Amino acid sequence: MTADLTRPAHQGIATDPLEDALRARITGEVAFDDYTRHLFSRDASMYSIMPRGVVFPRDHDDVAAAIATAAEFGVPVVPRGAGTSLAGQTVGPGLVLDLSRQMNRILDLDPVARTAVVEPGVVQDQLNKAAAAHGLMFGPDTSTSNRATIGGMVGNNSAGSGSLTFGMTIDHIRALDVVLADGSSARLEPVSEAERVRRAKADTLEGRIYRELPALVTAHEDAIAKGMPVFWRRACGYRLDRLSGYGDENPFDLAKFVVGAEGTLVLATRIEVDLVPKPKKTVYAVGHFETTHGAISATLDALSCGPHQVELMDKTILDLSRGKIEYADLGNYLVGDPAALLFVSFSGDDEAELAVKLDEVAALWERDGHGYHTLKLVTAAEQVALLKVRKSSLGLLMAAGEGTKRPLAFIEDTAVDPVHLAEYTQRFKAILDEHRLEAGFYGHCSVGCLHIRPFVDLTDPEQVDTMRVVAEKIKDLVAEYGGVNSSEHGDGLARSEFNREIFGDELYEAMRQVKKLFDPAGTMNPGKIVDAPPMTDNLRDRDALPPAPPLRTMLSFEVIGGGGMRDAADRCMNIGLCRKTTAGVMCPSYQVTLQEEHSTRGRANALVKALSEPDPKAALGGERLHEILDLCLMCKACKSECPMSVDMASLKAETLHQYHEEHGIPLRSRIFGAIRFLNRMGSATAPLSNMPGRIGLVRKLMERTVGIKAERPMPKYVRDNLLRWNRRRVAAPGSAGTVNWLADSFTTFTEPQIGKAAIELLESAGWAVEMASGGCCGRSSLSKGLLDDAKKKATGLVTSLARDTEPGSPIVGCEPSCVFTLRDETLALLPDLPEAKQVKERVRQVEELLVEAIDDGRLKLPGRSWLSGRRVVFHGHCHQKAEVGTAATMALLRRIPGLEVAEIDSGCCGMAGSFGFEAEHYETSMTVGRDRLFPALEKESADTLVAATGVSCRQQIFHGMGRTAWHPLELVREALTGAMDRG
3 MTADLTRPAH
13 QGIATDPLED
23 ALRARITGEV
33 AFDDYTRHLF
43 SRDASMYSIM
53 PRGVVFPRDH
63 DDVAAAIATA
73 AEFGVPVVPR
83 GAGTSLAGQT
93 VGPGLVLDLS
103 RQMNRILDLD
113 PVARTAVVEP
123 GVVQDQLNKA
133 AAAHGLMFGP
143 DTSTSNRATI
153 GGMVGNNSAG
163 SGSLTFGMTI
173 DHIRALDVVL
183 ADGSSARLEP
193 VSEAERVRRA
203 KADTLEGRIY
213 RELPALVTAH
223 EDAIAKGMPV
233 FWRRACGYRL
243 DRLSGYGDEN
253 PFDLAKFVVG
263 AEGTLVLATR
273 IEVDLVPKPK
283 KTVYAVGHFE
293 TTHGAISATL
303 DALSCGPHQV
313 ELMDKTILDL
323 SRGKIEYADL
333 GNYLVGDPAA
343 LLFVSFSGDD
353 EAELAVKLDE
363 VAALWERDGH
373 GYHTLKLVTA
383 AEQVALLKVR
393 KSSLGLLMAA
403 GEGTKRPLAF
413 IEDTAVDPVH
423 LAEYTQRFKA
433 ILDEHRLEAG
443 FYGHCSVGCL
453 HIRPFVDLTD
463 PEQVDTMRVV
473 AEKIKDLVAE
483 YGGVNSSEHG
493 DGLARSEFNR
503 EIFGDELYEA
513 MRQVKKLFDP
523 AGTMNPGKIV
533 DAPPMTDNLR
543 DRDALPPAPP
553 LRTMLSFEVI
563 GGGGMRDAAD
573 RCMNIGLCRK
583 TTAGVMCPSY
593 QVTLQEEHST
603 RGRANALVKA
613 LSEPDPKAAL
623 GGERLHEILD
633 LCLMCKACKS
643 ECPMSVDMAS
653 LKAETLHQYH
663 EEHGIPLRSR
673 IFGAIRFLNR
683 MGSATAPLSN
693 MPGRIGLVRK
703 LMERTVGIKA
713 ERPMPKYVRD
723 NLLRWNRRRV
733 AAPGSAGTVN
743 WLADSFTTFT
753 EPQIGKAAIE
763 LLESAGWAVE
773 MASGGCCGRS
783 SLSKGLLDDA
793 KKKATGLVTS
803 LARDTEPGSP
813 IVGCEPSCVF
823 TLRDETLALL
833 PDLPEAKQVK
843 ERVRQVEELL
853 VEAIDDGRLK
863 LPGRSWLSGR
873 RVVFHGHCHQ
883 KAEVGTAATM
893 ALLRRIPGLE
903 VAEIDSGCCG
913 MAGSFGFEAE
923 HYETSMTVGR
933 DRLFPALEKE
943 SADTLVAATG
953 VSCRQQIFHG
963 MGRTAWHPLE
973 LVREALTGAM
983 DRG
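The sequence shown begins at 3 in my numbering and counts up by one.
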């Protein structure tokens, strides 16, 4: 079946009367199956509540119909954007409305008025990209901007690192089109007293709100004045203070009032926001400190200079960033081993003025003895590494968890006046120390908000009790300093329980009256802000996750990163980075479907469900799970880009293995698993073997019988393959030592010129090159879940490499998927084979060896060649990016004299080995290519060269764009000849 990219893969058969009613009344999708419900039972918090069903509305009318229908059935409604709530706002027992999937259009953008009108599913970065064309941006800048929806920001009253300058979401909302609790519609906006009186006359829920809410506010003016926390940065309770004192000078503004209400009062379907001028330049002063307290103590000096933001990262975050390829570059900029960084940004249009500001803060810190070094980051290129780590601080901290001992969000959102921050955090830490809790510190010193997440195991009753005790002590400490308990992440399930004590009885009762006025039946996201359950109810790890039943797996998930297969999947903490759509690789299938189940998070949660069933082996063989995993391209981007390193490629391989044991192995999977044998036979019989791939009737027959898409070009076999060429050549002696060339299963037989170029380069650099042709690494078998076959092949190759090559000599190759299998899956297949680890340690990138040789002078490239003055754009292979990154390849290309080199952020090409050949996956494959890779290449002139390390990538580029992509090694070989004519 061909995947339909415009609709969820699973609609199911209605068995619930509510489901029947919804299907009859809305045009969007409805899903009540167990897997979809499980996927939406979690958000990025520590909570889990199973919903009754999920609706994916298309428009305002769908939302109204869904809310009205739910009200008829007495079922609560839980609105949801990206599902990245940290306090449990987007989980609940009723009907989840996923507003991100289809209600994600920018409806209007007026650069003159500096406003935009958006649907709630529009992502913050999406809006900012559109606004940037006019020199504008949305003021609140959350660290989750690449997946946070504007609707979620309204529900949460989100802020971010720039709130010192731009305030919070509430400060940028002009008007809202909303659906009320009875399914009726209303427009919320600032209104004069006369207009309020006019609206109050209507015999509707909206009219009742305009009649009764003003009196409620007036009756509780004193409580509002006394009960609201003093500090300005508030994302807690209902904002009655915004209505206090309304009149002609202060219009009655329900739009701002419902911001931060967490979907408990209304649900917004159209949002009109203010935009702000985007600064042309931002610079950073990065203070290095020997203690976290020392960094926090330097905040006031920084604030005296008028910064845009002042941010903290402690050693916990810094050390975690060094351990991941995606974030390790920051370490190259740091001086020494700081225990904390305090980075201060200044924004504006005048570079000279900004430079003065940097000098000013550095001088103040030096004068007052704050820190030991101040790094100045002026250019965007210098700032990338710092900002990437800061935006991923939450994920990096989450990755430090082990098993069910995780860094939890229950006291991470407090804020006090920065004047008190140093003293406050000392006392905060003393409370943690008293209860033997460890935590990382990071966040917004400029506004007194630090995100402090203690590590707690929720499966341990004593630790659950400790969590509550600590939450109560921190609440009291915050109050002592006149701060707020929820300053940007909201109340949710984590903090709402304490709101009566925080606001006082009278103000809390006024808030309960507000809830009753807007939502008489209590169906709008109940249990948040008022009348909340205890914070220790509905805990994910304790209440929603039974012990994992035993399961025998072929892959060793202890090697991959957990205590078993379920633990490896359950590392996902739902922060949703896999839902980003404009940068990186992860997750290509989500980027083109926008379906939760096709994100890494969705698949991981589906696997957790299956692996928690009484018979997990049978569950892994289930068709619904197979459907959810089907569009995973096994690109492995999640292994590096997901801060939790959820390795979905390995999880899918094991799941397919279990599925095959239940259902048998399809013929096509056997064919692709035998790719080395087939390619070798194709090469031996070339050119005759190339003829079937050019005959239309044969291709159509192949599609009909084994499901290989007729439109997809077949590889072209070369008779004079790399092995034949190597047997007849005279190998050059090497003064630099011996290197072993891995004869992969693809280029060896279809693109032997790449291996030839590499071997000639290595020999020119002084290496003696031995051909390692001991068999297949098992990559193709792994991708089809043929793990018995993959293990057999891996054992043969590893044994051959260990036995037949010089000990310690490097092993290199040109096909990343094969080379890096030896560094990754081979260990998971052969955890008890010592040779596997020895081989892993010897695997290197050929680019590294060549860069070293060029820099040492052993390999000299002529100053001019036909490449001089040309431009090349490079697209890296997904497995290369995941395992080691592209730095070595880029460094090698940049050493070609006169060649302009650029790496394109083109994501995944979409080919993914056999995936792009498969009939049911062909359109998804091409859609992924069209998403970012093809448009990036379309921007390049016909003279621009294209380079790609992966054989699949080169195939996809040729098929989709009609452009021939070079392997980088071929270009270096061209430069070595010094020829002025191509080839």
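Glycine residues also receive a C-beta, built at the ideal position from the N, C-alpha and C atoms.
Keep in mind the model is a prediction, meaning the values are calculated, not measured.
7 Å Cβ shell around residue i - same chain, five flanking residues per side excluded
i, result
"Asp-826", "Glu-885"
"Asp-933", "Gln-593, Val-594 and Gly-909"
"Gln-465", "Val-458 and Asp-459"
"Val-800", "Thr-828, Leu-832, Leu-835, Glu-837, Ala-838 and Val-841"
"Asp-6", "Any reading at Asp-6 must be qualified, since the residue scores a pLDDT of 45, below 50, and its modelled position is unreliable; no value is offered."
"Asn-607", "His-40, Leu-41, Arg-44 and Cys-574"
"Glu-362", "Cys-307"
Per DSSP, the bridge partner or partners of residue i
i, result
"Tyr-286", "Ser-347 and Leu-379"
"Pro-937", "In the DSSP output, where bridge partners are listed per residue, Pro-937 has none listed."
"Gly-175", "According to the sequence shown, residue 175 is Ile rather than Gly. DSSP, once it has assigned bridges, lists Val-275 as partnering Ile-175."
"Pro-456", "Ala-441"
"His-877", "Ala-950"
"Met-773", "Trp-743"
"Gly-55", "Leu-97"
"Cys-451", "Ala-417 and His-446"
"Glu-837", "Note: Glu-837 sits in no beta bridge, so no partner."
"Arg-44", "Ser-50"
"Asp-521", "According to DSSP, Asp-521 bridges with nothing at all."
Per-residue burial, residue i [other beta carbons within 10 Å of its own, 16 or more giving buried]
i, result
"Ala-921", "buried"
"Pro-59", "buried"
"Ser-601", "buried"
"Glu-849", "buried"
"Ser-737", "exposed"
"Pro-970", "buried"
"Asp-733", "One point to set straight first is that residue 733 is Ala, not Asp, in the sequence displayed. It counts as exposed."
"Thr-92", "buried"
"Leu-658", "buried"
"Ala-46", "buried"
"Leu-109", "exposed"
"Tyr-335", "exposed"
"Lys-702", "exposed"
Residue i - DSSP class collapsed to helix/strand/coil
i, result
"Ser-954", "helix"
"Glu-404", "strand"
"Gly-445", "strand"
"His-923", "helix"
"Ser-147", "coil"
"Phe-674", "helix"
"Ser-943", "coil"
"Ile-986", "Any answer about residue 986 is impossible in this case: the structure gives the chain only from 3 up to 985."
"Trp-234", "coil"
"Glu-599", "helix"
"Trp-968", "strand"
"Glu-629", "helix"
6 Å Cβ shell around residue i - same chain, five flanking residues per side excluded
i, result
"Lys-786", "Ser-671, Phe-674 and Gly-675"
"Thr-427", "Ile-298"
"Gly-980", "Pro-864 and Ser-867"
"Ala-11", "In this prediction, Ala-11 has a pLDDT of 46, which is less than 50 and means its spatial position is unreliable; nothing more can be read from the coordinates."
"Gly-296", "none"
"Gly-768", "Gly-736, Ser-737, Ala-738 and Arg-860"
Same chain only: Cβ atoms within 8 Å of residue i, ignoring 5 sequence neighbours per side
i, result
"Arg-9", "Residue placement at Arg-9 cannot be trusted, given a pLDDT of 47 that sits under 50; what the coordinates show is reported in the next sentence. Same-chain partners within the cutoff: Glu-31."
"Tyr-719", "Asn-681, Gly-684, Ser-685, Thr-687, Ala-688, Pro-689, Ser-691, Asn-692, Phe-751 and Thr-752"
"Gly-209", "Arg-201, Ala-202 and Lys-203"
Fill in: Whole alpha helix (DSSP H) elements within the segment 714 to 743, 4-residue minimum
Taken in chain order, the whole alpha helix (DSSP H) runs of length 4 or more contained in the segment 714 to 743 are 724 to 730.
Worksheet entry | 3-residue-minimum beta strand (DSSP E) runs that sit fully inside the segment 175 to 225, ordered along the chain | Taking only runs of at least 3 residues, the beta strand (DSSP E) segments lying wholly in the segment 175 to 225 are 175 to 181 and 187 to 190.
Worksheet item: Going along the chain, which unbroken runs of the alpha helix (DSSP H) with 4 or more residues stay wholly within the segment 295 to 376?
Response: Within the segment 295 to 376, the alpha helix (DSSP H) runs of at least 4 residues that lie entirely inside it are, in chain order, 301 to 305, 317 to 324 and 353 to 369.
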